[in-house]
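Just so you know, we're using my numbering here: the sequence shown kicks off at 134 and counts up by one.
Data first, discussion second: the structure below is written as structure tokens.
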Amino acid sequence: MLPAADATTASPSPLRPRALAAALAGERLTVPTSARSRNNVFAGLALDRASERRDEQEFIETRRSAATTRFTVVRPDGKALVDAARRGLRLLAEAERAAWLGAAPVWYLGEADEVAHFAVAHPSDEEEPLASALAGQWMDLRAAGLALPAFDAGLFAYARGLLHWQSRARFCGACGSPTIFVAAGHKARCTDPACGIVHFPRTDPAIIVIVGWRDSCLLGRQASWPPNRYSTLAGFVEPGETLEDAVRREVFEESGVVVAECDYHSSQPWPFPASLMLGFTAEAQGPELRVGPELEAARWFTADEIVRSLADGSLVLPPPLSVSFRLIEHWLRETAGLELSELRRPVSF
Ligand SMILES: [Zn+2]
Numbered sequence: 134m135l136p137a138a139d140a141t142t143a144s145p146s147p148l149r150p151r152a153l154a155a156a157l158a159g160e161r162l163t164v165p166t167s168a169r170s171r172n173n174v175f176a177g178l179a180l181d182r183a184s185e186r187r188d189e190q191e192f193i194e195t196r197r198s199a200a201t202t203r204f205t206v207v208r209p210d211g212k213a214l215v216d217a218a219r220r221g222l223r224l225l226a227e228a229e230r231a232a233w234l235g236a237a238p239v240w241y242l243g244e245a246d247e248v249a250h251f252a253v254a255h256p257s258d259e260e261e262p263l264a265s266a267l268a269g270q271w272m273d274l275r276a277a278g279l280a281l282p283a284f285d286a287g288l289f290a291y292a293r294g295l296l297h298w299q300s301r302a303r304f305c306g307a308c309g310s311p312t313i314f315v316a317a318g319h320k321a322r323c324t325d326p327a328c329g330i331v332h333f334p335r336t337d338p339a340i341i342v343i344v345g346w347r348d349s350c351l352l353g354r355q356a357s358w359p360p361n362r363y364s365t366l367a368g369f370v371e372p373g374e375t376l377e378d379a380v381r382r383e384v385f386e387e388s389g390v391v392v393a394e395c396d397y398h399s400s401q402p403w404p405f406p407a408s409l410m411l412g413f414t415a416e417a418q419g420p421e422l423r424v425g426p427e428l429e430a431a432r433w434f435t436a437d438e439i440v441r442s443l444a445d446g447s448l449v450l451p452p453p454l455s456v457s458f459r460l461i462e463h464w465l466r467e468t469a470g471l472e473l474s475e476l477r478r479p480v481s482f
């Protein structure tokens, strides 16, 4: 369930004059992709990762023990400690960390506004006194993406992604020996001297794409989704594949639609558990559909159909948490001068 803050009521008159639509579309074309990415949830983390200093143990220790340093706490189930009002991360000061999580290793994340940020893994998902003693609550990352400020949501995503990778990198994938974490937690080195491989945090690239054909866009749904929910098509990039080839392959596999051209839109960290979503827009060669086994349905929607279907509840689109929302927003703006945020109905998933 998403927080109530996500629910908005459909506007009764979302259609805009054509001149305004054209102006909006023109303005959109000038927006750099970096600005588009910053607009995505989990992508607003203004943090200096100081990655070149992770091997400087004295620097890391000095920053860890500074009075201003703060620690992001994440449980094995991926939930983080937030404040009682659920409006921000409940970051620990050094004294709090030492008192409650003194045995847990800490991992350097970076610097923001002269504050050093570290991640620390809570040892269990069990109910325990830490949250109540520190006036905090545990929150999952999806809820945090919509409820917390951009910096906090991004810091949570970063800490969660790093800690999840560490939980899967305790043994060498080449020889099976235990690893030790080095570079302030950002590398895992095999402890067998005969092997000694260094493993890096894993990120799985996945494309997500809105495909247009004439005045329609292509959306699909999986059988496991809530009723009437449709979204843009998506899939993982395979070894030896360009992003553009992944777009063409995934769209064809899932819908039978042949992509003519595609362009990069924006990216979004998506640590569920380890993805990077790479958003694309694309144009189809034609409208022929042949829905593949991954989808229950795929179909073309005109802007008018989206407006009407959202209004009568026969269509539910993804929440703003996902870059899918941004891609549909982009397409509606460029095609019809519509603002998706004014069309949305309350969502409950
Ligand atoms: Zn090894």
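Just so it is clear, CB atoms sit at the ideal spot from N, CA and C, and this is done for glycine as well.
Quick caveat: nothing in here was measured; it's all calculated off a predicted structure.
Whether residue i touches residue j by CB criterion (9 angstroms)
i, j, result
"V206", "V253", "yes"
"F251", "I341", "no"
"F192", "E227", "no"
"E427", "W358", "no"
"L180", "Y291", "yes"
"Y397", "G318", "no"
"R321", "I313", "Correcting the residue identity first, residue 321 is Ala in this sequence and not Arg. Against a cut-off of 9 angstroms, the Cβ pair of I313 and A321 comes out as a contact."
"V248", "T202", "yes"
"C328", "S310", "yes"
Residue i - DSSP class collapsed to helix/strand/coil
i, result
"R336", "Strictly speaking, residue 336 in this sequence is Thr, with Arg absent from that position. It is coil, neither helix nor strand."
"A469", "helix"
"V370", "coil"
"A137", "Per-residue confidence for A137 stands at a pLDDT of 34, beneath the threshold of 50, marking its modelled position as unreliable; no derived number is given."
"F190", "One point to set straight first is that residue 190 is Gln, not Phe, in the sequence displayed. Looking at Q190 - three-state DSSP - the assignment turns out to be helix."
"E462", "helix"
"V206", "strand"
"E421", "coil"
"H297", "helix"
"P165", "coil"
"Y397", "strand"
"P402", "strand"
"I330", "coil"
"G177", "coil"
"R362", "strand"
"R441", "helix"
"A152", "With a pLDDT of only 49 at A152, under the threshold of 50, the placement of this residue in the model should not be trusted; the figure read from the coordinates follows. Note: A152 maps to helix in three-state DSSP."
"L476", "helix"
"A415", "strand"
"T375", "coil"
"R128", "The shown model of the chain, from 134 to 482, leaves out residue 128, and the question about it has no answer."
"S198", "coil"
"P147", "Confidence in P147 is poor, its pLDDT being 42 and thus under 50, which makes the residue's placement unreliable; the coordinate value appears in the next sentence. Correct three-state label for P147: coil."
"A232", "helix"
"E429", "coil"
Cβ separation of residue i and residue j, assumed to be a contact under 8 angstroms, to the nearest whole Å
i, j, result
"R182", "G243", "4 angstroms"
"L409", "P338", "5 angstroms"
"A283", "G177", "3 angstroms"
"V315", "V392", "With a Cβ gap of about 42 angstroms, V315 and V392 do not count as contacting."
"G373", "R423", "The pair is not a contact, with the Cβ atoms about 26 angstroms apart (cut-off 8 angstroms)."
"E483", "R466", "Outside the shown range of the chain, which is 134 to 482, sits residue 483, and nothing can be said about it."
9 angstroms Cβ cutoff, residue i in contact with chain C
i, result
"L366", "Note that chain C does not occur in the displayed structure, where there is just one protein chain."
Touch test, the region 430-445 against the region 341-356, Cβ-Cβ under 8 angstroms, three pairs minimum
The region 430-445, when compared against the region 341-356, does touch it at the 8 angstroms Cβ threshold.
Tell me, please, whether the region 393-409 touches the region 286-303 by the rule of three or more beta-carbon pairs shorter than 8 angstroms.
Segments in contact, yes.
Any 3 or more C-beta pairs closer than 8 angstroms across the region 449-456 and the region 362-376:
By the C-beta criterion, the region 449-456 is judged to be in contact with the region 362-376, since at least 3 inter-stretch pairs fall below 8 angstroms.
If you measure from each CB to the nearest heavy atom of ligand 1 and keep those under 6 angstroms, what residues do you get, in chain order?
Listed along the chain, these residues meet the criterion: C305, A307, C308, S310, C323, D325, C328 and I330.
Tell me whether the region 212-221 and the region 267-286 touch, counting them as touching only if at least three CB pairs, one residue from each stretch, are closer than 8 angstroms.
As far as the Cβ criterion goes, the region 212-221 touches the region 267-286, which means the pair count is three or higher.
For the region 457-473 against the region 375-391, are there 3 or more C-beta pairs whose distance is under 8 angstroms?
Result no; under three Cβ-Cβ pairs closer than 8 angstroms.
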